[in-house]
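Novice:
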Amino acid sequence: MNKSLLVIFLTFFSFQFVSAQRNCGSMDVLDRQLQENPSMFKNMEEIEKQISEYVKKFPQGTGQRYTVTIPTVVHVVYRTTTENISDAQIQTQIDVLNRDFSATNTDLNLVPTLFQPVIGNIEVQFCLASQTPSGQTTTGITRKSTTLSSWGTNDNVKRASQGGVDPWNPAQYLNIWVCNIGGGILGYAQFPGGPVSTDGVVLDYRYTGTIGTATSPFNKGRTATHEVGHWLNLRHIWGDANCGSDLVSDTPVHNTSNGGCPTYPHNSTCSGSPVEMTMNYMDYTDDACMYMFSQGQKSRMRGILEGSGSRASLQTSPGCTPVNPNTCNAPSGLAASSITTNSAIVSWSAAPNAVNYTFEYKLNSATTWISQTTTATSVSLTGLTASTNYNTRVSTNCAAGSSSFSSIVSFTTASTSCTDAYESNNSRNTAASIPVGTTITAKISSSTDNDWFRFNNTTSQRNVRVSLTNLPADYDLTLWRNNQQVGISQNDGTLNEQITYNNSQNTATYYARVYGYNGAFNNNICYSLLAQTSGSAFRNINGEEEIYEMEPLDDEFLVFPNPTSGEITLVVPFGKHGKGCISMFDMTGKLMYKQNLEGDRIVKTLQMDISEFQSGMYLVTFTSGDKVFTQKLAVMAR
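Heads up: the sequence shown begins at -6 in the numbering used here, then just goes up one per residue.
#1: If you scan the stretch 167 to 229 from start to end, which runs of the beta strand (DSSP E) of 3 or more residues do you find wholly inside it?
#2: In whole angstroms, what is the alpha-carbon distance linking SER143 and SER79?
#3: Return helix, strand or coil for GLN477, following the three-state DSSP convention.
#4: Return yes when the Cβ of TYR350 is within less than 8 Å of the Cβ of SER388, no when it is not.
#5: Going by alpha carbons, who is nearest to THR309 out of GLY559, MET577, TYR166 and THR135?
#6: Roughly how many angstroms lie between the CA atoms of CYS161 and THR262, to the nearest whole one?
#7: Output the distance between the C-alpha atoms of GLY253 and THR452, rounded to the nearest integer angstrom.
#8: Applying the 10 Å Cβ sphere with the 16-neighbour rule, what's the burial state of THR26?
#9: Indicate the three-state DSSP secondary structure (helix, strand or coil) for SER576 in the structure shown.
#10: Let me check one thing: in DSSP terms, what residues is LYS49 bridge-paired to?
#11: In terms of residues, what are the limits of the alpha helix (DSSP H) holding VAL507?
#12: Taking 8 Å as the limit between beta carbons, can you name the residues of its chain near SER364, skipping five residues before and five after?
#13: Which residues share a DSSP beta bridge with ALA328?
#14: Over what stretch of residues does the beta strand (DSSP E) that includes ALA347 continue unbroken?
#15: Starting from the C-beta of ASP159, find all residues in its chain whose C-beta is less than 6 Å away, skip the five residues before and the five after it, and write them out in chain order.
#16: ILE87 by DSSP, collapsed to three states: which one?
#17: In angstroms with no decimal places, state the Cα-to-Cα distance between ARG215 and PHE184.
#18: Could you give the distance in angstroms between the alpha-carbon of LEU546 and the alpha-carbon of GLN109?
#19: So which of GLN478, LEU584, LEU590 and SER426 has the shortest CA-CA distance to LEU522?
#20: So for ILE540, helix, strand or coil by DSSP?
#21: With a Cβ-Cβ cutoff of 8 Å, do ILE44 and ARG293 count as a contact?
#22: Taking ALA164 and SER301 to be in contact with their CB atoms under 8 Å, please state how far apart those CB atoms are, rounded to whole angstroms.
#23: Where does ALA305 fall in DSSP's three states?
#24: Are the Cβ atoms of LEU470 and VAL429 separated by less than 8 Å?
#25: Leaving out five residues on either side along the sequence, give the residues of the same chain with a beta carbon under 6 Å from the beta carbon of ASN516.
#26: Mind checking which residues open and close the beta strand (DSSP E) that includes ASP291?
#27: Is the Cβ-Cβ distance between LYS213 and ASP276 less than 8 Å?
#28: Report the start-end ranges of each beta strand (DSSP E) in the stretch 373 to 426 that is 3 residues or longer and not cut off at the edges.
#29: Rounded to the nearest angstrom, what separates CYS17 and SER331 at their Cα positions?
#30: Please state if the CB of SER576 and the CB of LYS583 are separated by a distance shorter than 8 Å.
#31: Does DSSP classify SER617 as helix, strand or coil?
#32: What would DSSP say about PRO566, mapped onto helix, strand or coil?
#33: Between the alpha carbons of THR623 and VAL479, how many angstroms are there, rounded?
#34: Here's the rule: buried if 16 or more other CB atoms are within 10 angstroms of the residue's CB, otherwise exposed. What is THR614?
#35: State the start and end residues of the unbroken beta strand (DSSP E) segment that holds SER364.
#36: Since SER123 and PRO315 should fall inside the 8 Å C-beta cutoff, what is the C-beta to C-beta distance between them, to a whole number of angstroms?
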């Protein structure tokens, strides 16, 4: 099928969708995600540009490439014992994927002579992960019970906060959730370019693998083959429109989807080849009647997995490598938090093969360490002295022996009296410079006060974490990279705030902004702020790499203050066009505001009154020529 513009595909698919007996929810999910996050459209356009370049270099999957093995984790979320499918059933699904993506499936001989020259061997294999993101041994299968009878396609099964399971780092693993989806949906997948926090494939337990609960006519594991095809950037073969495009050159144009087992040849009334490739995995036929990818589809999938492709990092994932049982390394990620005048919590990341840990701390001036053994990955220290510096370290105890101690991490307890040495720092331009790795104290002294601090990462220490603790009032925290906001933490009350930004960007100046919610302040008691950088990704208390989903914001389009309860300032980049349009949407996609603009300068600053807007999150979009810039804006009621 001849390649057509992605913009046409994305504009029309939701209106031309044709239902069939097989029901894949991927396009409905994409429709919802684009409405919730219009900037995802730009991500997908950039991916299509990269894929186009790859396809030019390797048209129709030309030439043998090399086998890419993708570490896979299967999260089984079940309410009944029937939904809790067996390890053996999961393994049959992995086996089907391996055969289908290597063109070694036993029914490949059923491909008609007409299409045999374009059979695609994708040269991809899948393994159940042998190690977790934190390096622990795993079977590659997790299980979690639930009280929900069905999950639908709103991605809640991918969220621990909603009773589901958070994904393992999608840059390192293919996440597959198996659950009761409901609504007749067999499965759905997220396309490349979507939110990191929901990346992966969801399968209904009745259509997973080839044994156990696998239900005819979808009991040969092809639902997963179809959905993983979407996950690797394939569209439905009929382009989700009558005579639509799947962006592949060697697949025939289809009238629409095909269900059941069509009799060959099944002819199309569309222009081009009159015979439809109904046996393609990206059609809607029964499992027994789909048994091939095309070489053009191979090019699209390999383009995602190679070079600058958005899933290329899977090639270097250690997920398929078994954990060495003799490994006993010191824990990483040692850090102190919730520091008060007389207490602190010290935590670290889980280490492979750990039986327990030896934790030690002492006064910085002392020579003797105070030691304790724990199976947890954190300890609570009490009875400390105010305004005092403490040293901490931790080692791992394994069956095969013990590790050396980690590097020493120091913290200073809060002072009983508060002196703010960083004023005046009420704007980004006057931000106070702070050291990395050292806790500083400051205060919000009035309802209009807010504090800005700046620090730098380095080439070898690119990952950033900022922690705000010991809050005397309801304070919030934002993180900026140069002049771009990249994170926000807004917990209720005096709960600690923290932003983790694991990123592969170049070095930059970072800014942390501390401010009181609705004018909260305390002129007598200081808060504590700690900026950290690391060469490896920061991990949570479970030892899992923290995933921060960076909004695709542009450096030149600024919206501030953010959050706001009244007037905002926008800095808009007209570029060479001299014209543009400001639009504001709520999170359901409803247009709340629109204004056409003209400017005689490349960059223009303007004000916008949003005091009448209800509290919530909004998307502010500026369009100029062929460029679209989007920022999220938090609005708080007065």
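A virtual CB, placed ideally from N, CA and C, is assigned to each residue, including glycine.
Specialist: On the basis of the coordinates in this document:
#1: With a minimum length of 3 residues, the unbroken runs of beta strand (DSSP E) contained wholly in the stretch 167 to 229 fall at 167 to 172, 180 to 182 and 194 to 197.
#2: Approximately 19 Å between the Cα atoms of the pair.
#3: strand
#4: With a cutoff of 8 Å on beta-carbon distance, SER388 and TYR350 are scored as near each other.
#5: TYR166
#6: Going by the sequence as given, residue 161 is Trp instead of Cys. C-alpha separation (whole angstroms): 45 Å.
#7: 56 Å
#8: A small correction: the amino acid at residue 26 is Gln; Thr does not occupy that position in the sequence shown. Its Cβ being crowded by 16 or more others within 10 Å, GLN26 is buried.
#9: The answer is strand: DSSP assigns SER576 an E or B state.
#10: LYS49 pairs with nothing; no bridge assigned.
#11: Not the alpha helix (DSSP H): VAL507 falls in the beta strand (DSSP E), residues 502 to 509.
#12: THR351, PHE352 and GLU353
#13: According to DSSP, ALA328 bridges with SER340.
#14: 347 to 356
#15: ALA153
#16: helix
#17: 18 Å
#18: Because the pLDDT of LEU546 is 36, which lies under 50, any placement of that residue in the model is unreliable, and the number read from its coordinates should be weighed accordingly. So the two alpha carbons sit approximately 45 Å from each other.
#19: SER426
#20: Bear in mind that the predicted position of ILE540 carries a pLDDT of just 47, short of 50, making it too unreliable to give a figure here.
#21: Taking 8 Å as the Cβ cut-off, ILE44 and ARG293 qualify as a contacting pair.
#22: Not really, about 14 Å apart at Cβ, beyond 8 Å.
#23: Looking at ALA305 - three-state DSSP - the assignment turns out to be helix.
#24: no
#25: SER438
#26: The amino acid occupying residue 291 in the given sequence is Lys; Asp does not appear at that position. Run containing LYS291: none in the beta strand (DSSP E); it sits in the alpha helix (DSSP H), 288 to 298.
#27: no
#28: Whole beta strand (DSSP E) segments, 3+ residues: 382 to 391 and 402 to 405.
#29: 46 Å
#30: no
#31: strand
#32: strand
#33: Straight-line spacing of the CA atoms in THR623 and VAL479 works out to 13 Å.
#34: buried
#35: 363 to 367
#36: With 8 Å as the limit, SER123 and PRO315 qualify as a contact, their Cβ atoms being about 4 Å apart.
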